[in-house]
Amino acid sequence: MEQAPRDPERQLQPAPLEPLGHPDAGLQAAVSEEAEGARDEGSGEGTMTENNFWLKKIEINVSEAEKRTGRNAMNMQETYTAYLIETRSVEHTDGQSVLTDSLWRRYSEFELLRNYLLVYYPHIVVPPLPEKRAEFVWHKLSADNMDPDFVERRRIGLENFLLRVASHPILCRDKIFYLFLTQEGNWKETVNETGFQLKADSRLKALNATFRVKNPDKRFTELKHYSDELQSVISHLLRVRARVADRLYGVYKVHGNYGRVFSEWSAIEKEMGDGLQSAGHHMDVYASSIDDILEDEEHYADQLKEYLFYAEALRAVCRKHELMQYDLEMAAQDLASKKQQCEELATGTVRTFSLKGMTTKLFGQETPEQREARIKVLEEQISEGEQQLKSKNLEGREFVKNAWADIERFKEQKNHDLKEALISYAVMQISMCKKGIQVWTNAKECFSKM
Amino acid sequence: MEGERLASQARSSGLPAGGATAESPGVDAPLLGSSGSSALLQAEVLDLDEDEDDLEVFSKDASLMDMNSFSPMMPTSPLSMINQVKFEDEPDLKDLFITVDEPESHVTTIETFITYRIITKTSRGEFDSSEFEVRRRYQDFLWLKGKLEEAHPTLIIPPLPEKFIVKGMVERFNDDFIETRRKALQKFLNRIADHPTLTFNEDFKVFLTAQAWELSSHKKQGPGLLSRMGQTVRAVALSMRGVKSRPEEFMEMNNFIEIFSQKINLIDKISQRIYKEEREYSDEMKEYGPIHVLWSASEEDLVDSLRGVARCLDQCCKATEKRMSGLSEALLPAVHEYVLYSEMVMGVMKRRDQIQAELDSKVEALTYKKADTDLLIEEIGKLEDKVECANNALKADWERWKHNMQNDIKSAFTDMAEENIHYYEQCLATWESFLASQTDLHMEETSEDKPESH
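Residue numbers (the working numbering), protein chains in the order written: chain A, 4 to 453; chain B, 110 to 563.
Pasting the structure below:
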C-alpha cells in the first residue's frame, strides 16, 4: 500500500467550510449541478464525479477487500474485512488521473461516517450503506458475511455510497468526509471529537416515540407514507425475486443431468450416439449458464436494495421535521400559557388553574410586591420565549425549505436510477433469452441428427 | 470426457462398453421419485423412410393361435418364416384407426371402476363393419396384453400404463391420472394396430369389436389361470439355464436393453423433475408481475416502466405455462412409454431364453438318458423349430422396435428443443419491445430536458 508522493501543487484543497453542517452553511454552498454518478456493474471501476469540494474532478474507487484479524474493544480476536479506498484527481488538460490518497477502512468506519452525516445534515436524505448482513438470500447465496460473493457486492455498495456522498452538492463539502478519504489514522478520534453523538437526538431513533404534532407540513406526512410504501413494496419484490431466482436455478440445473445420462447412453448407440453426445454437451452448457445470469441479477437486486434503504433515510428527514415541529408547538404552547398567567396576575382574574392560585386562596393573598416580582419574572421568560419561538420558527422554515430542496433532488435521482435499473433488468432478460435460443437451437440440431 | 471414450470404444468394437453404473448419478439437483406422470399422448405418427419389401398379408387362420404352438405365423419352413418376419410398417396402408376417450365412472356394490370408449374405424375385409364402438375397462386391456404375450412370446408387445402410481396419489382416480391413462391406452392400441403381426391377432379383433357379454364369454375360453401359473414357475427355472447358452446377438441385445433401461429410467426421472421445477417457477412468476403494478401506484414518474416490466413478466409466465404443457404432451409420455417398453423387452428376452432352455434341457436329456431316444429326438426337432421361430421373430421385431425407438426419442427431444426455442423467442420479443419503448421515451425526455447538451 503505497501513497503517491504528495505534489504540493496538486494537493487537494480542503473546502473552506465548517465541519459542522449548519443549515446555513449548507445552503450557501449548495450547488444545483447534478453530478453524474453512473455505476458500473461488478467491475468495481470508479466513475467520474463533478465535485466543487475538491475543486477538480476526482475518482473514488473501493478497489480491494482484504480479510484481517485484529483485537476489538474487548481485546478479543476478531476477523473482519478491510476495504481499500483510492482517490484520484483528474487533470482537466490531459484527462490523466493521479492517485492522491489510498487507505483502508472497515465497514464500521463507514457506519460511523454515515451516523455523523445523519446528525449534522438532518435535512439531507443521506445515502444509505449496503446491507450489514445478507438478506433476501436464495439458496445458493450464502448468508455468511465472509463469503467472497457477498464481500464483492459489498465492496461495490461501499464504493457506490462514497460516490453518492461525493456527488451530493452539500455533503461533498464536509470535512469529516474529506478526512475519511484522506486521513487513515486518527480519523475515528476526529469524528468523535466533534461530539456528534451528543448532538444526536435519541428521539429520532426511538421507534415508539410518537409526536402529537398538530400542524405538520402536509408534504412530509405524504412523504412518510410514500417511504413506508416504498419500503414495503421493494421488500416484497426482493423476496419474490429471490424465490423466482431459486426456481429458475432449479430448472436450469436439472437439465444438466441430461448431459451425463445422454453421454452414458450414447455409448451403446450406433446411429444415435453422436447426436446424443453432442446434445448432452449443450445441456451442460445450458445448465451452467444460469450462474452468470443470476450473478448479474444480484447486482440488479442491489440497486433496488439501495432504494429500500433510502426509504429509511427519507423517513429520518420526516421525523426530524416532526420533531422540530413538535418542539415548536410545545414552545408556543408554553409561551401562550405563560402569557396567560402573566395576564391573570396583572388583571387579578384567575381563569386558569394554578397551584399557586390555589395556595394563595387557601393560605392568603400574596402581597402586591410579591405579585410584581412574579410578573417581572414571567415577563422576562415571555420575552425569552418569544425570541426562542421566533428562532425556532425560522429554523423550522429553513429546515423545511432545505429539506424539500434535497427531497426534490432525491426524487429526480430516484426516478432516473430506478428507470435505469428496470432497463438494465430488461437487458439482462434479453441476454438470457438470446443465450437460451442459442443453446436450444444447437441442441435441436443435435437431436434432429440422431 | 469419459462418455466420449466409452462411445468410441462401443462403436468400434460393436459391444457396449461396460461403463454403465447402476447407482444413481451424482446429480446436482437430487431426483425425486416419479410422482405420477401427467402425460398426454399424441396420435401415433410413424416416420419411416424405408420401403418395405415383403409385406405379407396374413389370413385369418394364421392369427388363430394354438396355445401350444408358439409360432406367430403360418408354420411352414424356417426359411419362408425368415422372409415373412422381415417387414416394415407401411404408413400408407394404415387401415385401422383407434381412439380411446370418454372415461366414465361405474359404481357397483363391490367396486368402482372406469370404462373407456373405444372407437375403431377400419376398411379391412375381415371386420364385419367399418366402424365399431365398445366400452372397455383396464382389466380388459390387461387381458388383451396377456393374450398377446401368450400368442407371441418373443414379440415386443407394447406396454400398458401402470396399474396405479404409488407416490403422490391421493385418490385412486383423479382427473390427471385418468387422462394420462386414457392417452396411454390409446397409444397401446394404436401400437398394436401398427404392428405387422399383432394387428391381425384374433383377440385384438374381439377386443375392438365385441360387445360386453361377447367379450366375457370369449375370455372364458383358453387355459385357466392355474396352468399359466404352472408355466411361470417352470419358466423361471428354465430361463436361468437359457442365459448360459444365449447366442452372441442376443447377448448384445440383452446388454443393450439393460443399459438402455437404466438410462431411459433416469431420463424419465429427469424429465419429470424438470416439469416440476418449471411448475414451481411458473407459480412464483405469477406473483412477480403484479408487485410491479402495485409499486406503480405510488410512483408517478415510473408508471410506464413498472407496468411495462409487469407486462413482460406476465407474458413470460404464460410462455412458461405453454412450455410446460408442451413437455407434458410430448416428451414425458414418450419417455415414460419407453421406460415401460424396456421392461417389456427384458421380459421378451427372458421368454426367449426359456424357450432355448427347454431345447437345451431336452438335448441334455438325450445325451444322458438313453431311454425313449426316438421320442426325445422328435421333441427336440419340434423344439428346434420353435427356437428358430422365436429367435427370428425376436430379431425382426427387435430391429423394428429399435428403429421406432430412435425415431420416437428423436422426435420427442426435437419437440422439446423446439418448445424451448419458442419459449425464449416469445420472452425475447416481449422484453425487446419493452426496451424499445423505454429507450424511445428516454431519448425524448433527455432531449427535452437538456436541449443544449448536444
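Using N, Cα and C, we set each Cβ at its ideal position, and we do this for glycine too.
Measure the CB-CB distance between residue i and residue j and report whether it falls below 8 Å.
{"i": "ARG233(B)", "j": "ASP210(B)", "result": "no"}
{"i": "GLN547(B)", "j": "SER391(B)", "result": "no"}
{"i": "MET394(B)", "j": "CYS421(B)", "result": "no"}
{"i": "PRO130(A)", "j": "VAL168(A)", "result": "yes"}
{"i": "ASN299(B)", "j": "ILE207(B)", "result": "yes"}
{"i": "ILE518(B)", "j": "VAL264(A)", "result": "no"}
{"i": "ALA419(B)", "j": "HIS445(B)", "result": "no"}
{"i": "LEU115(A)", "j": "LYS191(A)", "result": "yes"}
{"i": "ALA248(A)", "j": "LEU311(A)", "result": "no"}
{"i": "LEU307(A)", "j": "LEU240(A)", "result": "yes"}
{"i": "ASP409(A)", "j": "VAL128(A)", "result": "yes"}
{"i": "ALA266(B)", "j": "MET514(B)", "result": "Going by the sequence as given, residue 266(B) is Ile instead of Ala. No."}
{"i": "TYR532(B)", "j": "LYS431(B)", "result": "yes"}
{"i": "ASN75(A)", "j": "GLU69(A)", "result": "no"}
{"i": "TYR86(A)", "j": "ARG117(A)", "result": "no"}
{"i": "PHE286(B)", "j": "ILE301(B)", "result": "no"}
{"i": "ILE373(B)", "j": "VAL448(B)", "result": "yes"}
{"i": "ARG222(A)", "j": "TRP407(A)", "result": "yes"}
{"i": "SER230(A)", "j": "ARG318(A)", "result": "yes"}
{"i": "LEU503(B)", "j": "ARG461(B)", "result": "yes"}
{"i": "ALA446(A)", "j": "TYR303(A)", "result": "no"}
{"i": "LEU132(A)", "j": "PHE164(A)", "result": "yes"}
{"i": "PRO270(B)", "j": "ARG290(B)", "result": "yes"}
So residue i contacts chain B; which residues on that side make the cut at Cβ distance below 8 Å?
{"i": "GLN433(A)", "result": "Checking the sequence, you will find Ile at residue 433(A) rather than Gln. By Cβ distance, chain B contributes LEU537, TRP540, GLU541 and LEU544."}
{"i": "ARG244(A)", "result": "TYR397"}
{"i": "SER451(A)", "result": "LYS519 and THR523"}
{"i": "MET275(A)", "result": "GLN515, ILE518 and LYS519"}
{"i": "ILE440(A)", "result": "ILE530, TYR533, GLU534 and LEU537"}
Relative to the alpha-carbon of residue i, which residue among the options has its alpha-carbon at the smallest distance?
{"i": "LYS378(B)", "options": "GLU541(B), TRP322(B), THR218(B) and PRO442(B)", "result": "PRO442(B)"}
{"i": "VAL472(B)", "options": "ARG461(B), ARG460(B), GLU487(B) and LYS459(B)", "result": "GLU487(B)"}
{"i": "ARG226(B)", "options": "GLU409(B), MET360(B), GLU288(B) and GLY490(B)", "result": "GLU288(B)"}
{"i": "GLN280(A)", "options": "GLU387(A), LEU174(A), SER266(A) and MET77(A)", "result": "SER266(A)"}
{"i": "LEU294(B)", "options": "SER326(B), TYR247(B) and PRO305(B)", "result": "TYR247(B)"}
{"i": "HIS324(A)", "options": "LYS395(A), SER269(A) and PHE139(A)", "result": "LYS395(A)"}
{"i": "TYR119(A)", "options": "ILE159(A), LYS447(A) and PHE180(A)", "result": "PHE180(A)"}
{"i": "GLU541(B)", "options": "ALA429(A), ALA316(A) and GLU387(A)", "result": "ALA429(A)"}
{"i": "LEU251(B)", "options": "GLU361(B), LEU503(B), PHE297(B) and ALA502(B)", "result": "PHE297(B)"}
{"i": "GLY73(A)", "options": "TYR83(A), SER66(A), GLU411(A) and VAL65(A)", "result": "TYR83(A)"}
{"i": "LYS227(A)", "options": "SER407(B), SER239(B) and GLN463(B)", "result": "SER407(B)"}
{"i": "ARG388(B)", "options": "ARG250(A), GLN373(A) and HIS419(A)", "result": "ARG250(A)"}
In chain A, which residues lie less than 7 Å from residue i when you measure between Cβ atoms?
{"i": "MET394(B)", "result": "VAL247"}
{"i": "ASP312(B)", "result": "The premise fails here: ASP312(B) is roughly 34 Å from chain A at the closest Cβ pair, so nothing lies under 7 Å."}
{"i": "LYS504(B)", "result": "Ordered by position in chain A, no residue passes the 7 Å Cβ test against LYS504(B), which lies about 16 Å from the chain."}
{"i": "ASP410(B)", "result": "ASN418"}
For residue i, list the residues DSSP reports as bridge partners.
{"i": "THR72(A)", "result": "THR82(A)"}
{"i": "GLU89(A)", "result": "ASN64(A) and SER105(A)"}
{"i": "PHE241(B)", "result": "THR229(B)"}
{"i": "VAL216(B)", "result": "THR221(B)"}
{"i": "ARG246(B)", "result": "THR224(B)"}
{"i": "THR208(B)", "result": "ILE228(B)"}
{"i": "SER326(B)", "result": "Per DSSP, none; premise fails for SER326(B)."}
{"i": "SER100(A)", "result": "VAL93(A)"}
Taking C-beta pairs closer than 7 Å, name the residues in chain B that residue i reaches, listed in chain order.
{"i": "ARG318(A)", "result": "The contacting residues do not exist; ARG318(A) stays about 15 Å from chain B at best."}
{"i": "LYS437(A)", "result": "LEU537"}
{"i": "THR444(A)", "result": "ILE530"}
{"i": "HIS239(A)", "result": "ILE400"}
Below 9 Å on C-beta distance, what does residue i contact in chain A?
{"i": "ARG382(B)", "result": "GLY253, VAL257 and ASN260"}
{"i": "LYS372(B)", "result": "VAL264, PHE265, GLU267, TRP268 and ILE271"}
Along chain B, in chain order, which residues have C-beta atoms closer than 9 Å to that of residue i?
{"i": "ALA169(A)", "result": "Chain B residues near ALA169(A): none, gap ~22 Å exceeds 9 Å."}
{"i": "LYS135(A)", "result": "Within chain B, no residue comes near LYS135(A); the closest Cβ sits about 25 Å away, beyond 9 Å."}
{"i": "LEU233(A)", "result": "TRP404, SER407 and GLU408"}
Can you pull the chain A residues whose beta carbon is under 8 Å from the beta carbon of residue i, in chain order?
{"i": "TYR390(B)", "result": "VAL247, ARG250, LEU251, GLY253 and VAL254"}
4 or more residues per run - each alpha helix (DSSP H) lying fully within the region 294-358 of chain A: none
Runs of beta strand (DSSP E) lying entirely within the region 422-453 of chain B, each at least 3 residues, in chain order: none
4 or more residues per run - each alpha helix (DSSP H) lying fully within the region 157-240 of chain A: 178-185, 190-196, 199-202 and 205-208
Residue ranges of each alpha helix (DSSP H) within the region 386-434 of chain A, 4 or longer: none
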